[in-house]
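Colleague: Got a structure for you, written out below as structure tokens; questions coming shortly.
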Amino acid sequence: MSVSTLADLCEEWDLQPDGAVMHGSTAVVLPVLTRTGKAAVLKVGQRHPESELEHLALTRWDGDGAVRLLRADPHRGALLLERLSAVSLSDAWDLEACTVVAGLYPHLHRGVGAPFARLSEYLAPSIDRLATLPRNASVPRRLVEQAVALGRDFITDEQTDGILVHTDLHYDNVLADNAGEWVAIDPKPLSGDPHYEVAPMLWNRVAELEGDLRNGVRRRFHTLVDAAGFDEDRARDWVVVRMVVNALEDRDADWLTTCIAVAKAIQE
């Protein structure tokens, strides 16, 4: 990510800086005004396989349930986006937020094919890695075996691919637009299964569930599934797979504990 790239793009796209540069973990964002005076933001992110087709997903959604894309330069990881408010779902009660997110699913989930990567192919290496974990690994063996079995079933299931999914839809990735409507940002799009979307709403904001994590996670899960009209068993299986795969990430002990706790909570 480069501030100099922002300056170059402002000159090339005739944009006027309209605020301070904001630095995120994977991108820099600059509030700007377009030549016609429209408020927008210029986002330049690190080029990464998970987000390299963000511009195509936003183009497909065309402002329906997601932030509107105004211009893109994918080779430089640059997106010119409509400017949203600073109000996110992080300030909403978690079950209210789950209902909002479930309401976005029908807008975002639509048939799609190439060039979006297929979820079945994206998942396969992680399932192979899980299958080779030693029996004394930090993740309980029962969960590992369950996730491997479910993952292998999903990989060969024709319903695993074919629908455009955001994959990282949670409280911080939903903002209010200037009309007060909720829209999604920062997709990591795949051609996948809508049921794959549920898990991020369960693992985020878990600190709020301290002392009642099991019931809190279950309430979120059922709120999402019921509001979205999802198949409960399929959504549950995807949560187990995602949480056990997430446990492979080289993060701190709290993250491992969260992954295991969420995977267990929705089954007990």
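Going by the numbering used here, the letters in the sequence shown line up with residues 18 to 285, in that order.
Glycine included, C-beta positions come from ideal geometry on N, C-alpha and C.
Predicted model only: the values in this text are computed from it and were never measured.
Kindly list the residues whose CB is nearer than 6 Å to the CB of residue 114, restricted to its own chain and excluding five residues on each side of it in sequence; keep chain order.
Modeller: Answer for residue 114: 106 and 188, listed in chain order.
Colleague: Select from 165, 104, 161 and 285 the residue whose C-alpha is nearest the C-alpha of residue 234.
Modeller: Taking only the C-alpha atoms, the option nearest residue 234 is 285.
Colleague: Which residues does DSSP list as the beta-bridge partners of residue 62?
Modeller: Answer is 44.
Colleague: Per DSSP, which residues does residue 207 bridge with? Please list them.
Modeller: The partner list for residue 207 (beta bridge, DSSP) reads 182.
Colleague: If you pair each beta-carbon of the region 124–139 with each one of the region 62–78, do three or more pairs fall below 8 Å?
Modeller: Because the criterion of three Cβ pairs below 8 Å is met, the region 124–139 and the region 62–78 touch.
Colleague: Do you know offhand how far residue 238's Cα is from residue 277's?
Modeller: Going by the C-alpha atoms only, they are around 15 Å apart.
Colleague: Three-state secondary structure (DSSP) at residue 128?
Modeller: Strand at residue 128.
Colleague: Please return the same chain residues whose Cβ sits closer than 6 Å to the Cβ of residue 46, not counting the five positions on each side in sequence.
Modeller: 39, 58 and 60, listed in sequence order.
Colleague: Report the rounded CA-to-CA distance for residue 24 versus residue 32, giving the unit in angstroms.
Modeller: The straight-line gap from Cα to Cα measures roughly 9 Å.
Colleague: Mapping the DSSP letters down to three states, classify residue 91 as helix, strand or coil.
Modeller: If DSSP states are grouped into helix, strand and coil, residue 91 belongs with the helices.
Colleague: From this set, 275, 209 and 141, which residue's C-alpha is nearest residue 227's C-alpha?
Modeller: When each option's Cα is compared against that of residue 227, the closest is 275.
Colleague: Specify the secondary structure class of residue 78 as computed by DSSP and reduced to three states.
Modeller: In the structure shown, residue 78 sits in a helix (DSSP, three-state: H, G or I).
Colleague: Kindly give me the distance between the Cβ atoms of residue 112 and residue 30, rounded to whole angstroms, as I take these residues to be in contact under 8 Å.
Modeller: Their Cβ separation, rounded to whole angstroms, is 41 Å, which puts residue 112 and residue 30 out of contact at 8 Å.
Colleague: Checking 8 Å against the spacing of the C-beta atoms, do residue 117 and residue 241 come in under that value?
Modeller: No.
Colleague: Would the beta-carbon of residue 207 fall within 8 Å of that of residue 168?
Modeller: No, the pair does not count as a contact, with Cβ atoms beyond the cut-off.
Colleague: According to DSSP, which residues form a beta bridge with residue 152?
Modeller: Answer by DSSP bridge pairing: none, since residue 152 is not bridged.
Colleague: Over what stretch of residues does the beta strand (DSSP E) that includes residue 192 continue unbroken?
Modeller: From DSSP, the beta strand (DSSP E) with residue 192 extends over 191–193.
Colleague: Enumerate in chain order the residues of its own chain whose CB-to-CB distance from residue 205 is below 8 Å, with the five nearest sequence positions on each side excluded.
Modeller: Closer than 8 Å at Cβ, skipping near neighbours: 67, 68, 71, 183, 184 and 185.
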